[in-house]
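Written out below as structure tokens is the structure these notes cover.
Chains as they are written, first to last, in this note's numbering: chain A, 1014 to 1187; chain B, 1480 to 1671.
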């Protein structure tokens, strides 16, 4: 039995390491899959305007069927990415910036802008925001910008869909 | 048995146990959050850098792209008011009063968090669609069969959860969601 004592200690050490590594890696892996899914519909640094979530259309887990989602997979490695979010009067709307670890770098909603457009510059360390844009410095080069717009009912969708398509996500190099 | 055999066996065992335990812990997704209020559970660190590794992994798997609590709170119920698992073959009455925030809705999911196919093509009850009563009270029915008034179909699935989204929660709700007045979920009966 004594011959097993040290190997069992190594097993315990390995188990703790594997446990932590699995927890740490999970958000990155799930986010990578989500970015690929969105990226498959639209190019990097441009918005994709998905239809309302239904049982037959669930791009991500736990979608809200009450919200119109627009997603942009961004990459700031070559330069800042600029978000111009068109307001939707008399509706809740927000833009949230998720990094590759799933952390939220910024959220701005109609409450924050007072109904005005949201203008954000997504940056990595060392990059500068152009004038008129609020800087959002990221810990990771890639991530997802997600716009949520609350619909009172599905009949509003055509009008809301037209409004949200005024929002843009683009690299400063474009 | 040679020494390196013992080490190899133990390292493989350690790897399998570590990964399996992590998978076991994250399987609860958002519903495994740490704050409990009646049938509902929630957390305050969803989507933030302050979240620990376990919370972040749970949110990634069960509620990817969830907003921080200041913007929206997510309460999840997998049991009714008596602590019994929510069963899609049963009928429930969900009752509540004024919720301390800008807007709310309750959505029904199965499994890790997927909308359920149903003939009515209805997956949520937003605040304005619930049956309104005196003093700000409201109700709706969760059932596999069509119900009068506000009805959220279960699609007859074996198990489901309800997610209450509360956008722009008030300061008191943010400070102490464990003591907030949240809806009750009462089982009315089940199909045999």
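Yeah, the Cβ is synthetic: ideal placement off N, Cα and C, and Gly gets one too.
Do the CB positions of residue 1039 of chain A and residue 1544 of chain B come within less than 8 angstroms of each other?
One-based indexing of the first chain puts residue 1039 of chain A at position 26. One-based indexing of the second chain puts residue 1544 of chain B at position 65. No, the Cβ-Cβ distance between residue 1039 of chain A and residue 1544 of chain B is not below 8 angstroms.
Does chain B have any CB closer than 8 angstroms to the CB of residue 1102 of chain A?
Position 89 of the first chain holds residue 1102 of chain A. Not closer than 8 angstroms to any Cβ of chain B, the Cβ of residue 1102 of chain A fails to qualify, so no.
Whose C-beta lies closer than 7 angstroms to the C-beta of residue 1653 of chain B among residues of the same chain, with five residues either side of it excluded?
Taking the second chain and counting its residues from 1, one reaches residue 1653 of chain B at position 174. The residues are 1548 and 1549.
In whole angstroms, what separates the C-alpha of residue 1500 of chain B from that of residue 1032 of chain A?
What you label residue 1500 of chain B is simply residue 21 of the second chain in a count that begins at 1. What you label residue 1032 of chain A is simply residue 19 of the first chain in a count that begins at 1. Cα to Cα, residue 1500 of chain B sits roughly 7 angstroms from residue 1032 of chain A.
Can you name the residues of chain B whose CB is closer than 7 angstroms to the CB of residue 1124 of chain A?
Stepping through the first chain from its first residue, residue 1124 of chain A is reached at position 111. Simply 1647.
When you compare the CB positions of residue 1156 of chain A and residue 1110 of chain A, do they come within less than 8 angstroms of one another, or not?
To locate residue 1156 of chain A, count along the first chain from 1; it is residue 143. To locate residue 1110 of chain A, count along the first chain from 1; it is residue 97. Cβ distance < 8 angstroms, so residue 1156 of chain A and residue 1110 of chain A count as in contact.
Jot down the residue ranges of each uninterrupted alpha helix (DSSP H) in the region 1610-1662 of chain B, minimum 4 residues, whole runs only, in chain order.
Restricted to the region 1610-1662 of chain B, the alpha helix (DSSP H) segments that are unbroken, complete and at least 4 residues in length are 1650-1654, listed in chain order.
Three CB pairs or more closer than 8 angstroms across the region 1084-1099 of chain A and the region 1118-1137 of chain A
Contact holds: three or more Cβ-Cβ distances are below 8 angstroms.
Verify whether the separation of the beta carbon atoms of residue 1044 of chain A and residue 1115 of chain A is less than 8 angstroms.
The count along the first chain starts at 1 and reaches residue 1044 of chain A at position 31. The count along the first chain starts at 1 and reaches residue 1115 of chain A at position 102. Yes, the Cβ-Cβ distance between residue 1044 of chain A and residue 1115 of chain A is below 8 angstroms.
Which residue comes first and which comes last in the beta strand (DSSP E) that contains residue 1111 of chain A?
Residue numbering aside, residue 1111 of chain A sits at position 98 when the first chain is read from its first letter. Counting along the chain, the beta strand (DSSP E) containing residue 1111 of chain A begins and ends at 1106-1112.
Own chain residues within Cβ distance below 8 angstroms of residue 1117 of chain A, not counting five before or after:
Position 104 of the first chain, counted from the first residue, corresponds to residue 1117 of chain A. So the list reads 1109, 1110 and 1111, once near-sequence residues are dropped.
What do you get for residue 1583 of chain B, buried or exposed, if any count of 16 or more other CB atoms within 10 angstroms of its CB means buried?
Taking the second chain and counting its residues from 1, the one referred to as residue 1583 of chain B is at position 104. Residue 1583 of chain B is buried by the Cβ-count criterion.
Assess contact between the region 1486-1493 of chain B and the region 1015-1023 of chain A, defined as three or more Cβ pairs (one per stretch) separated by less than 8 angstroms. Is contact present?
yes
Does the beta carbon of residue 1083 of chain A sit closer than 8 angstroms to a beta carbon anywhere in chain B?
Looking up residue 1083 of chain A in the first chain gives position 70. Judged by the 8 angstroms Cβ criterion, residue 1083 of chain A is not in contact with chain B.
Whole angstroms is fine: what's the gap from residue 1598 of chain B's alpha carbon to residue 1080 of chain A's?
Start at 1 with the first residue of the second chain, and residue 1598 of chain B comes out as number 119. Start at 1 with the first residue of the first chain, and residue 1080 of chain A comes out as number 67. The straight-line gap from Cα to Cα measures roughly 21 angstroms.
Element boundaries [beta strand (DSSP E), containing residue 1571 of chain B]
Taking the first residue of the second chain as 1, we reach residue 1571 of chain B at position 92. Note, residue 1571 of chain B: beta strand (DSSP E), 1569-1575.
In chain B, which residues lie less than 8 angstroms from residue 1067 of chain A when you measure between Cβ atoms?
The sequence position of residue 1067 of chain A within the first chain is 54, counting from 1. What residue 1067 of chain A touches in chain B: 1594, 1600 and 1602.
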